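FYI, our numbering numbers position 97 of the sequence shown as 844, with every residue one higher than the one before it.
All C-beta atoms, glycine included, are put in the ideal place defined by N, C-alpha and C.
Since we're looking at a predicted model, the values are computed, not measured.
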Amino acid sequence: MAFGHTSVLLHETVDGLNVRPDGTYVDATLGGGGHAFAVCSRLSAKGRFIGIDQDADAIRAAAERLEGFGEKVTIIRSNYRDMKPQLHKRGIDSVDGIVLDLGVSSYQLDTAERGFSYQIDTPLDMRMDQRQKTTARDIVNGYSEAELYRVIRDYGEDRFAKNIAKHIVAEREKEPIETTGQLNEIIRRAIPVKIQKTSGHPSKRTFQAIRIELNDELEVLKSSLDDMIDMLNPGGRICIITFHSLEDRIVKSAFRRNEDPCICPADFPVCVCGRTSRGKVITRKPIFPSEEELASNSRSKSAKLRIFERA
748 MAFGHTSVLL
758 HETVDGLNVR
768 PDGTYVDATL
778 GGGGHAFAVC
788 SRLSAKGRFI
798 GIDQDADAIR
808 AAAERLEGFG
818 EKVTIIRSNY
828 RDMKPQLHKR
838 GIDSVDGIVL
848 DLGVSSYQLD
858 TAERGFSYQI
868 DTPLDMRMDQ
878 RQKTTARDIV
888 NGYSEAELYR
898 VIRDYGEDRF
908 AKNIAKHIVA
918 EREKEPIETT
928 GQLNEIIRRA
938 IPVKIQKTSG
948 HPSKRTFQAI
958 RIELNDELEV
968 LKSSLDDMID
978 MLNPGGRICI
988 ITFHSLEDRI
998 VKSAFRRNED
1008 PCICPADFPV
1018 CVCGRTSRGK
1028 VITRKPIFPS
1038 EEELASNSRS
1048 KSAKLRIFER
1058 A
């Protein structure tokens, strides 16, 4: 199966970068290379582009898509949490722009053996990086009821988290839970039918929660943002596309903190903490997909773009 994926908020993101033709740019979640291709198309012969992804399928697809840009492109298989040391190894200490698209790709969702989708009955996997040994199956069958409750409550924000965790533990005592279909059925029985009729697919939140836990997605995001902003040249920008409220809150908070890092009490007449602004938030409110994009790509409906510019 080809690595098919429609890049969300493509033009808004690339325009938001304010690409300098001779600059250095990073797509830290390369995927199929959609945003990357648009950025590279704006670079001169002196420009440089680095693509980072931990998914082997994405690396192969993006390498093929970007082949025509030649030596200006460098592709690295890694988690973006390691962006700073990975770039340092290649003699790059600062960049002019960074893109983060935090969504699961259409390819990952639609490829049965990847085990991301609650729409396909397939073995539980959900690994972003296939080199990782732990899978979603290990979480579903190995976490305690309390741990499952925490994950589904915190990362899925599901009000039936306690009941879902209880049902999972009860069912796995009979036999291991091996597939997305089994897990779907367990979740369906844990949520009242009348709620299911008005709240979308019953498994959406739990699958999201398990995926976030397995791939450590929110901790990676939290721990990486300050380093990424630190790597930007003056006037450089970071553009981040989020797909759920948990990610968006982290990005919004980090951008605000870097714009106004002062920790002095509000009644102090002047700042004495010595913390200075590292830049400005370009998007006071997030940018949403256009009506045209929403009509052509249903998976864009929860996307939000936020942009920060380095001082």
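First through last residue of the alpha helix (DSSP H) which encompasses residue i
{"i": "VAL998", "result": "992 to 1006"}
{"i": "PHE1055", "result": "Run containing PHE1055: none in the alpha helix (DSSP H); it sits in the beta strand (DSSP E), 1051 to 1057."}
{"i": "VAL766", "result": "Careful: VAL766 lies outside any alpha helix (DSSP H) and carries neither H nor E."}
{"i": "GLY928", "result": "927 to 937"}
{"i": "ASP840", "result": "No alpha helix (DSSP H) contains ASP840, which DSSP labels as neither H nor E."}
{"i": "GLY781", "result": "781 to 787"}
{"i": "ARG897", "result": "892 to 903"}
Beta carbon of residue i nearer than 7 Å to that of residue j
{"i": "LEU961", "j": "ALA883", "result": "yes"}
{"i": "ILE691", "j": "ASP848", "result": "Any property of residue 691 remains undetermined from this structure, which presents the chain solely from 748 to 1058."}
{"i": "ASP841", "j": "MET978", "result": "Correcting the residue type first, residue 841 is Ser in the shown sequence and not Asp. Yes, the Cβ-Cβ distance between SER841 and MET978 is below 7 Å."}
{"i": "ASP843", "j": "ASN980", "result": "yes"}
{"i": "LYS953", "j": "ILE934", "result": "This sequence places Thr at residue 953; Lys is not what is there. Yes, the pair counts as a contact, with Cβ atoms nearer than the cut-off."}
Residue i versus the options, residue with shortest Cα-Cα distance
{"i": "GLU892", "options": "ASP872, ILE915 and ASP885", "result": "ILE915"}
{"i": "SER1047", "options": "SER1037, GLY844, ILE799 and GLU894", "result": "SER1037"}
{"i": "THR1023", "options": "GLU994, ARG1004 and GLU1039", "result": "ARG1004"}
{"i": "ARG807", "options": "ILE822, ALA1001 and TYR896", "result": "ILE822"}
{"i": "ARG789", "options": "GLU918, GLY928, GLY1026 and GLY763", "result": "GLY763"}
{"i": "LYS1051", "options": "THR1030, ILE1010 and LEU834", "result": "THR1030"}
Coarse secondary structure for residue i, derived from DSSP in three states
{"i": "SER1046", "result": "For clarity, residue 1046 is Arg in the given sequence; the question names Ser instead. Residue state, collapsed to three classes: helix."}
{"i": "HIS758", "result": "helix"}
{"i": "TYR772", "result": "strand"}
{"i": "LEU979", "result": "strand"}
{"i": "VAL820", "result": "strand"}
{"i": "PHE1035", "result": "coil"}
{"i": "THR953", "result": "helix"}
{"i": "ILE959", "result": "helix"}
{"i": "ILE942", "result": "helix"}
{"i": "VAL967", "result": "helix"}
{"i": "PRO1016", "result": "coil"}
{"i": "MET748", "result": "Because MET748 sits at a pLDDT of 45, beneath the cut-off of 50, its placement in the model cannot be relied upon, and the following sentence gives the value as read from the coordinates. Note: MET748 maps to coil in three-state DSSP."}
First through last residue of the beta strand (DSSP E) which encompasses residue i
{"i": "LYS1027", "result": "1026 to 1028"}
{"i": "ARG884", "result": "Looking at the DSSP string, ARG884 is not in any beta strand (DSSP E); the run it does join, the alpha helix (DSSP H), is 883 to 889."}
Assess, as a yes-or-no matter, whether the stretch 873 to 887 is touched by the stretch 951 to 965 under the definition of 3 or more beta carbon pairs within less than 8 Å. Result yes; three or more Cβ-Cβ pairs closer than 8 Å.
Indicate whether the contact test is met: 3 or more Cβ pairs, each with one atom in the stretch 969 to 984 and one in the stretch 824 to 832, closer than 8 Å. Two segments are said to touch when three or more pairs of C-beta atoms, one from each, lie closer than 8 Å; by this definition the stretch 969 to 984 touches the stretch 824 to 832.
Given 8 Å, three or more beta-carbon pairs between the stretch 934 to 942 and the stretch 852 to 859: By the Cβ criterion, the stretch 934 to 942 is not in contact with the stretch 852 to 859, since fewer than three pairs of Cβ atoms, one from each stretch, lie closer than 8 Å.
The stretch 798 to 815 / the stretch 758 to 776 touching (three or more Cβ pairs under 8 Å): Yes, since at least three Cβ pairs between the stretch 798 to 815 and the stretch 758 to 776 fall closer than 8 Å, the two stretches touch.
With three or more C-beta pairs closer than 8 Å as the rule, is the stretch 857 to 876 touching the stretch 915 to 934? Judged by Cβ distances under 8 Å, the stretch 915 to 934 makes contact with the stretch 857 to 876, as three or more pairs qualify.
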